[in-house]
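Student: Structure incoming, see below.
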Amino acid sequence: MNKKIVIIGGGYGGTETLRQLILRKVENIEIELITNKKYFENIIGCAEIISEKIKVEELSYDLKNASRQWDFELTVGNVESIDLNRKKLKVNGKEKTYDVLVVVVGVKPNFFNVIGANLALPAHTLSDFINIHEKLIQLDLENPNIVVVGAGFVGLEIVAELLDFFKIKNRNGKVTVVDKMNSIMPMYNNDLARKIAHEYFISRGTNFLLGKGVKEIEKERCILEDGSTVEADITIWAAGVQSPEITSKIIGANLYKGYIEVDERLLIKGSADSFAIGDAAFIKINGTIAQKMAAEALEEAKTVAKNIGLIAYGHKPSFTHVIQYTTDFPKAILSIGEDKAILIGSEIPSYLEAAPNILHRLIYMPGIDRIIDAFSKVISGPKYASMGTMEYLLKKKIVTEEIMGRLP
Ligand SMILES: Cc1cc2nc3c(=O)[nH]c(=O)nc-3n(C[C@H](O)[C@H](O)[C@H](O)COP(=O)(O)OP(=O)(O)OC[C@H]3O[C@@H](n4cnc5c(N)ncnc54)[C@H](O)[C@@H]3O)c2cc1C
Numbered sequence: 009m010n011k012k013i014v015i016i017g018g019g020y021g022g023t024e025t026l027r028q029l030i031l032r033k034v035e036n037i038e039i040e041l042i043t044n045k046k047y048f049e050n051i052i053g054c055a056e057i058i059s060e061k062i063k064v065e066e067l068s069y070d071l072k073n074a075s076r077q078w079d080f081e082l083t084v085g086n087v088e089s090i091d092l093n094r095k096k097l098k099v100n101g102k103e104k105t106y107d108v109l110v111v112v113v114g115v116k117p118n119f120f121n122v123i124g125a126n127l128a129l130p131a132h133t134l135s136d137f138i139n140i141h142e143k144l145i146q147l148d149l150e151n152p153n154i155v156v157v158g159a160g161f162v163g164l165e166i167v168a169e170l171l172d173f174f175k176i177k178n179r180n181g182k183v184t185v186v187d188k189m190n191s192i193m194p195m196y197n198n199d200l201a202r203k204i205a206h207e208y209f210i211s212r213g214t215n216f217l218l219g220k221g222v223k224e225i226e227k228e229r230c231i232l233e234d235g236s237t238v239e240a241d242i243t244i245w246a247a248g249v250q251s252p253e254i255t256s257k258i259i260g261a262n263l264y265k266g267y268i269e270v271d272e273r274l275l276i277k278g279s280a281d282s283f284a285i286g287d288a289a290f291i292k293i294n295g296t297i298a299q300k301m302a303a304e305a306l307e308e309a310k311t312v313a314k315n316i317g318l319i320a321y322g323h324k325p326s327f328t329h330v331i332q333y334t335t336d337f338p339k340a341i342l343s344i345g346e347d348k349a350i351l352i353g354s355e356i357p358s359y360l361e362a363a364p365n366i367l368h369r370l371i372y373m374p375g376i377d378r379i380i381d382a383f384s385k386v387i388s389g390p391k392y393a394s395m396g397t398m399e400y401l402l403k404k405k406i407v408t409e410e411i412m413g414r415l416p
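Residues in the sequence shown are numbered consecutively from 9, following my numbering.
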């Protein structure tokens with residue numbers, strides 16, 4: 009009898025698990041994807057919707073099409089609860105059973121109980137970015153003030169596109185970034201990258217208010233914790249994420265700060281056939297913690313597909329995941345606007361020594377040798393950050409070709 013594989017979540021990790029099962033031609037299984045959105049949203053490119061550099065259609069993919077081409081059952085609905093002991097879940101009020109489960113439900117914005125947070129525009133989904141763009145277009149002011157709450161990776165990519173939006177439209181707009189932490193990109197342990205990004209955004213006229221949290225949001229201003237205020241015709245919220253409701257409704261799972269704890273095979277701790285990956289999972293292997301990134305979710309999906317392959321042939325899942333994007337060695341490409349990006353690398357552990365070869369195999373483009381050379385330097389030790397157009401083109405290629413090109 010075929011094993012019934014249920015994947016919850018049609019984002020990066022969910023679609024990649026599907027793809028890996030198809031690529032690996034795993035037999036003896038039937039797959040159902042349950043997700044609450046009809047479309048895969050390529051969120052990592054969404055900030056550019058603000059500056060009109062990319063179209064919404066380029067960043068979304070109809071999962072019905074994937075279901076036809078890859079031959080899996082698609083259910084669009086919200087999973088309300090999961091019982092790992094009974095191998096049952098509830099979706100749209102109906103109970104379903106499964107043999108193997110993969111939970112890949114992402115995260116949701118965290119407003120930290122800030123008063124008036126409903127007046128801020130979240131920046132988490134494709135429709136959030138469409139909304140931000142619409143609000144900017146509707147803004148009929150000579151010198152609008154935009155406040156971005158959160159100076160992390162997402163906040164800065166939004167600032168970049170806001171600055172480009174005003175430049176392209178030949179309008180004056182003032183962008184202020186507020187963050188409770190004293191530094192930009194507090195989660196990115198790379199001082200050089202922070203310095204380059206900070207200086208660059210300041211040179212473009214961005215105002216940074218660091219070390220000050222937002223206490224309250226009003227219609228035309230934000231009130232900070234020290235009582236000072238900052239004018240805000242639009243406030244954009246990019247200040248943090250939290251686990252989605254569903255994680256607290258999984259019977260049989262342990263949670264760490266709301267996120268699902270998994271073992272080194274990415275099995276939910278204590279379970280023999282239910283996996284959790286991506287942003288919703290707390291993945292700590294040999295003392296190293298996985299970064300909540302699309303790039304890491306794609307890698308985790310490969311490990312899960314390999315383990316499902318073993319289960320399908322009656323074996324125990326035994327593949328151990330190797331975290332590729334760790335919190336202590338951040339690697340990312342930050343878009344900073346004006347067709348530039350910062351490649352952020354840090355001292356990379358020895359298991360990544362094959363990185364230049366992997367890059368060579370994955371990416372063919374003129375000038376890539378410089379980036380590969382940069383990666384080699386990273387591996388040899390010093391913390392690395394480089395800024396330029398090539399870095400931006402690399403990111404663009406990953407967003408538009410590598411990520412979207414995975415889908416049938
Ligand atoms: C603006 C922005 C820029 C980013 N840039 C980068 C970047 O440059 N590089 C990078 O690596 N990462 C980036 N990230 C982070 C990246 O988007 C996440 O790490 C990634 O989306 C995690 O993948 P996932 O599969 O775990 O979750 P998601 O991709 O969020 O997918 C989760 C899916 O589950 C669905 N779902 C949730 N709850 C339920 C439920 N109860 N029932 C059914 N379905 C449900 C959701 O609708 C969604 O479709 C960025 C994030 C943002 C917001």
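For each residue, glycine too, the CB sits at the ideal point set by N, CA and C. What you are looking at is a predicted structure, and each value in this text was computed from that prediction instead of being measured.
(1) If you draw a straight line from the C-alpha of residue 89 to the C-alpha of residue 259, how long is it?
(2) Confirm, please, whether the CB-CB distance from residue 154 to residue 242 is below 8 Å.
(3) Buried or exposed for residue 22, please, with buried defined as at least 16 other CB atoms from any protein chain shown within 10 angstroms of its CB.
(4) Work out the CA separation of residue 163 and residue 120 for me, nearest whole Å.
(5) Distance cutoff 8 Å, beta carbons only. Does residue 51 sit that close to anything in chain C?
(6) Which residue from 32, 166, 41 and 199 puts its Cα closest to that of residue 132?
(7) What three-state label does DSSP hand residue 116 in the structure shown?
(8) Quick check: the Cα distance between residue 145 and residue 317, rounded to an integer number of angstroms?
(9) For residue 206, which residues from the same chain have a beta carbon less than 6 Å from its beta carbon, with the 5 sequence-adjacent residues on both sides left out?
(10) What is the rounded straight-line gap between the Cα of residue 16 and the Cα of residue 283?
(11) With DSSP collapsed to three states, give me the class of residue 393.
(12) Buried or exposed: residue 198, going by 16 or more other Cβ atoms within 10 Å of its Cβ?
(13) Going by beta carbon distance, what residues of the same chain come within less than 7 Å of residue 20, once the five residues before and after it are set aside?
(14) On the CB-based measure, 16 or more other CB atoms within 10 Å of its CB, does residue 42 come out buried or exposed?
(15) My assumption, with CB atoms under 8 Å, is that residue 138 sits in contact with residue 244. Please give the rounded CB distance.
(16) Among the residues of its own chain, which have a CB less than 7 Å from the CB of residue 59, if the five just before and after it don't count?
(17) For residue 269, report the span of its beta strand (DSSP E) as first-last.
(18) For residue 44, collect the residues of the same chain with a Cβ closer than 6 Å to its Cβ; drop the 5 residues on either side in sequence, then sort them by chain order.
(19) Taking 8 Å as the threshold (C-beta atoms), are residue 156 and residue 225 in contact?
(20) Return the CA-CA distance between residue 9 and residue 102, expressed in angstroms with no decimal places.
(21) Going by CA-CA distance only, name the one from 235, 223, 236 and 240 that's closest to residue 229.
(22) Could you check what DSSP says for residue 80 in three-state terms: helix, strand or coil?
(23) Considering only residues of the region 212–289, which uninterrupted beta strand (DSSP E) runs meet the minimum length of 3 residues and lie entirely inside it, listed in chain order?
(24) Does residue 208 come out as helix, strand or coil in the three-state DSSP assignment?
(25) Check whether the region 245–265 and the region 205–220 touch, using three or more Cβ-Cβ pairs below 8 Å as the test.
(26) Let's test the definition: count the other Cβ atoms within 10 Å of the Cβ of residue 308 and tell me whether it reaches 16, buried, or not, exposed.
(27) Jot down the residue ranges of each uninterrupted beta strand (DSSP E) in the region 131–178, minimum 3 residues, whole runs only, in chain order.
(28) Quick one: grab the DSSP three-state call for residue 358.
(29) For residue 197, is the beta carbon positioned less than 7 Å from some heavy atom of ligand 1?
Tutor: Reading off the structure:
(1) The count along the sequence shown starts at 1 and reaches residue 89 at position 81. The count along the sequence shown starts at 1 and reaches residue 259 at position 251. Answer to the nearest angstrom: the Cα atoms are 8 Å apart.
(2) Position 234 of the sequence shown, counted from the start, is the residue given in the question as residue 242. Position 146 of the sequence shown, counted from the start, is the residue given in the question as residue 154. Cβ atoms of residue 242 and residue 154: closer than 8 Å.
(3) As a first step, residue 22 is located in the sequence shown; it is residue number 14 there, counting from the start. That one is buried.
(4) Here the question's residue 120 lines up with position 112 in the sequence shown. Here the question's residue 163 lines up with position 155 in the sequence shown. When rounded, the distance between both Cα atoms is 16 Å.
(5) Absent from the structure is chain C; it holds one protein chain and no more.
(6) As a position in the sequence shown, residue 132 is number 124, starting the count at 1. Just measuring C-alpha positions, the residue of 32, 166, 41 and 199 sitting nearest residue 132 is 166.
(7) Position 108 of the sequence shown, counted from the start, is the residue given in the question as residue 116. Correct three-state label for residue 116: strand.
(8) Numbered from 1 along the sequence shown, position 137 holds the residue referred to as residue 145. Numbered from 1 along the sequence shown, position 309 holds the residue referred to as residue 317. Here the alpha carbon of residue 145 sits roughly 49 Å from the alpha carbon of residue 317.
(9) Counting from 1 along the sequence shown, the entry for residue 206 is found at position 198. Result list for residue 206: 192, in chain order.
(10) By 1-based counting over the sequence shown, the position of residue 16 is 8. By 1-based counting over the sequence shown, the position of residue 283 is 275. Taking the straight line joining both Cα atoms gives about 10 Å.
(11) Position 385 of the sequence shown, counting from 1, holds the residue named residue 393. Residue 393: strand per DSSP, three-state reduction.
(12) Here the question's residue 198 lines up with position 190 in the sequence shown. By the neighbour-count rule (16 or more Cβ atoms within 10 Å), residue 198 is buried.
(13) Residue numbering aside, residue 20 sits at position 12 when the sequence shown is read from its first letter. So the list reads 286, 302, 305 and 306, once near-sequence residues are dropped.
(14) One-based indexing of the sequence shown puts residue 42 at position 34. Buried.
(15) Along the sequence shown, read from residue 1 onward, the residue named residue 138 stands at position 130. Along the sequence shown, read from residue 1 onward, the residue named residue 244 stands at position 236. Rounded to the nearest angstrom, the Cβ distance from residue 138 to residue 244 is 13 Å, too far for a contact under 8 Å.
(16) Sequence index remark: in the sequence shown, residue 59 carries index 51 (1-based). Around residue 59: 169, 172, 173 and 176.
(17) As a first step, residue 269 is located in the sequence shown; it is residue number 261 there, counting from the start. That run of the beta strand (DSSP E) goes 267–269.
(18) Within the sequence shown, numbered from 1, the residue matching residue 44 stands at position 36. Answer for residue 44: 86, listed in chain order.
(19) Taking the sequence shown and counting its residues from 1, the one referred to as residue 225 is at position 217. Taking the sequence shown and counting its residues from 1, the one referred to as residue 156 is at position 148. It is not a contact, given that the beta carbons lie outside the stated cut-off.
(20) Translated into the one-based positions of the sequence shown, residue 9 becomes position 1. Translated into the one-based positions of the sequence shown, residue 102 becomes position 94. Residue 9 and residue 102 have their C-alpha atoms spaced approximately 24 Å apart.
(21) The residue you call residue 229 lines up with position 221 of the sequence shown. Scanning 235, 223, 236 and 240 for the CA closest to the CA of residue 229 turns up 240.
(22) Within the sequence shown, the letter at position 72 stands for residue 80. Three-state result, residue 80: coil.
(23) Segments of the beta strand (DSSP E) lying fully in the region 212–289: 215–218, 222–225, 229–232, 237–239, 242–245, 267–269 and 282–284.
(24) By 1-based counting over the sequence shown, the position of residue 208 is 200. It is helical.
(25) With a cut-off of 8 Å on Cβ pairs, the region 245–265 is not in contact with the region 205–220, counting fewer than three such pairs.
(26) Within the sequence shown, the letter at position 300 stands for residue 308. A buried status is given to residue 308, since no fewer than 16 other beta-carbon atoms sit within 10 Å of its beta-carbon.
(27) 153–157, all fully within the region 131–178.
(28) Residue mapping note: residue 358 aligns to position 350 of the sequence shown, counting from 1. Because the pLDDT at residue 358 is just 49, under 50, the model does not fix this residue reliably, and the value given afterwards should be weighed accordingly. The answer is helix: DSSP assigns residue 358 an H, G or I state.
(29) In the sequence shown, the residue the question calls residue 197 occupies position 189. Not under cutoff, so the answer is no.
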